[in-house]
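First the structure, in the form of structure tokens, and then the observations on it.
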Amino acid sequence: MSCWREALLAQAVLGGKTKGYRNHPQLTRFATCESPLPAVAAYLEGLRVEATIRGYRFDATRIVAAPDLAVRIPVTEGQLNLELEHLRVKVRSRQPDWEPKLVSLAHPIFVPVLGPVEPWERSST
């Protein structure tokens with residue numbers, strides 16, 4: 012799950028531990044939260060739980076803040092659809108039998124709201 016690595020990088024940026032990755036557009040999701048580190052920690056915890064269900068072992072000690080499991084981040088349906096289609100393209104080429112399971116992409120902390128692709132998105136898809 013590349014999202015685990017990317018979220019760990021987001022955590023490092025938000026914690027002032029790295030100078031790289033500061034301009035990644037999806038970092039906006041967490042940087043605009045009232046408490047960014049607990050928000051990204053909640054995202055990481057959700058990824059860790061899902062990875063465990065799928066038989067992976069992600070190191071929970073890499074999550075540096077206490078997860079704010081009550082955090083909810085609005086994400087437009089346009090953005091969610093774009094990200095789901097991006098994932099479908101990858102899955103079709105790597106594990107096509109798994110594609111039918113891709114019904115929803117929303118992480119539990121994300122609340123779908125009406126709207127187009129997010130203005131910060133750089134994708135050309």
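The working numbering puts the first residue of the sequence shown at 12, with every later residue one more than the last.
Glycine included, each C-beta is placed from N, C-alpha and C at the ideal position.
Alpha-carbon to alpha-carbon, alanine 62 and glutamine 10: Summary: the structure shown does not reach residue 10, with the chain confined to residues 12 through 136, and so no result is reported for it.
Closest Cα partner of leucine 95 within the set Val75, Gly27, Lys112: Working through the sequence shown from its first residue, we reach residue 95 at position 84. Nearest C-alpha to leucine 95: Lys112.
For a cutoff of 7 Å on Cβ pairs, would you count alanine 76 as touching chain C? Of the protein chains in this structure there is only one, and it is not chain C.
Three-way DSSP call (helix, strand, coil) for threonine 87 in this model: Looking up residue 87 in the sequence shown gives position 76. In the structure shown, threonine 87 sits in a strand (DSSP, three-state: E or B).
For valine 122, write down the residues that DSSP places opposite it in a beta bridge. Within the sequence shown, residue 122 is the residue found at index 111, counting from 1. Valine 122 pairs with Pro85.
Buried or exposed, going by whether 16 or more other CB atoms sit within 10 Å of the CB of isoleucine 64? Within the sequence shown, numbered from 1, the residue matching residue 64 stands at position 53. With fewer than 16 other Cβ atoms within 10 Å, it is exposed.
Can the beta-carbon of alanine 50 be found less than 7 Å from the beta-carbon of aspartate 79? Taking the first residue of the sequence shown as 1, we reach residue 50 at position 39. Taking the first residue of the sequence shown as 1, we reach residue 79 at position 68. Yes, the Cβ-Cβ distance between alanine 50 and aspartate 79 is below 7 Å.
Leaving aside the five residues before and after valine 124 along the sequence, list all residues of the same chain whose C-beta is less than 8 Å from its C-beta, in chain order. Position 113 of the sequence shown, counted from the first residue, corresponds to residue 124. Within the same chain, valine 124 has close Cβ partners Pro85, Val86, Thr87, Glu88.
Between which residues of its own chain and valine 126 is the CB-CB distance below 6 Å, once the five residues before and five after are set aside? Along the sequence shown, one-based indexing puts residue 126 at 115. A small correction: the amino acid at residue 126 is glycine; valine does not occupy that position in the sequence shown. Counting only Cβ-Cβ distances below 6 Å, and skipping sequence neighbours, we find Thr87, Gly89.
Classification of glutamine 22 by the beta-carbon crowding that lies within 10 angstroms, buried from 16 upward: Looking up residue 22 in the sequence shown gives position 11. Glutamine 22 should be labelled buried.
Cα-Cα separation between glycine 26 and glutamate 110, rounded to whole angstroms: Within the sequence shown, residue 26 is the residue found at index 15, counting from 1. Within the sequence shown, residue 110 is the residue found at index 99, counting from 1. Using only the alpha carbons, I get a separation of about 35 Å.
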